[in-house]
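In what follows, a structure is listed as structure tokens, so that the remarks can point back to it.
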Amino acid sequence: MEPKDRFECIMGAYERLAELESLELTVDHDPKCMYYTLRATRGDDAFRFDYLEDGPETWRVLVQKLHNLEVQH
1 MEPKDRFECI MGAYERLAEL ESLELTVDHD PKCMYYTLRA TRGDDAFRFD YLEDGPETWR
61 VLVQKLHNLE VQH
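Counting along the sequence shown from 1, when you hit position 56 you're at 56 in our numbering, and nothing is skipped either side.
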């Protein structure tokens, strides 16, 4: 997959998770941009972001959706 398409694909996978489901990322760089995006758009209590492996060649992260974002009208 092209690097430019990865972020959108990963965020889409996160959005499709049900509450308490998780996904495991294995990438060749620190995925902290996903952490900061989730934090800014979902809030600190909406997800868990746990490093399973922290570089320098491979990063593995377990991302768990704790609750769905409620739409406010």
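All C-beta atoms in this analysis are idealised placements derived from N, C-alpha and C, irrespective of residue type, glycine included. Computed from a predicted structure; not experimentally measured.
Residue i, enclosing alpha helix (DSSP H) - first and last residue
| i | result |
| --- | --- |
| Glu15 | 3 to 16 |
Residue i - containing beta strand (DSSP E), residue span
| i | result |
| --- | --- |
| Leu25 | 22 to 27 |
Neighbourhood of residue i by C-beta, 6 Å cutoff - its chain only, sequence neighbours within 5 removed
| i | result |
| --- | --- |
| Lys32 | none |
| Asp30 | Trp59 |
Sequence-distant residues of the same chain with beta carbon closer than 7 Å to residue i, five excluded per side
| i | result |
| --- | --- |
| Ile10 | Leu25, Met34 |
| Asn68 | Glu19 |
Cβ separation of residue i and residue j, assumed to be a contact under 8 Å, to the nearest whole Å
| i | j | result |
| --- | --- | --- |
| Leu20 | Leu66 | 7 Å |
Other residues of its chain near residue i: CB distance less than 8 Å, five sequence neighbours each side excluded
| i | result |
| --- | --- |
| Gln72 | Interpretation of Gln72 is limited by its pLDDT of 42, a score under 50 that renders its predicted location unreliable; the figure taken from the coordinates is listed afterwards. If we look at Gln72 and ignore the five residues flanking it on each side, it has no Cβ neighbours. |
What are the start and end residues of each continuous beta strand (DSSP E) run of 3 or more residues lying completely inside the stretch 39 to 65, in chain order?
List check, beta strand (DSSP E) in window: 47 to 54, 59 to 65.
So, does the stretch 47 to 64 touch the stretch 17 to 25, judging by three or more C-beta pairs under 8 Å?
Here the stretch 47 to 64 makes contact with the stretch 17 to 25; the two share three or more CB pairs at distances below 8 Å.
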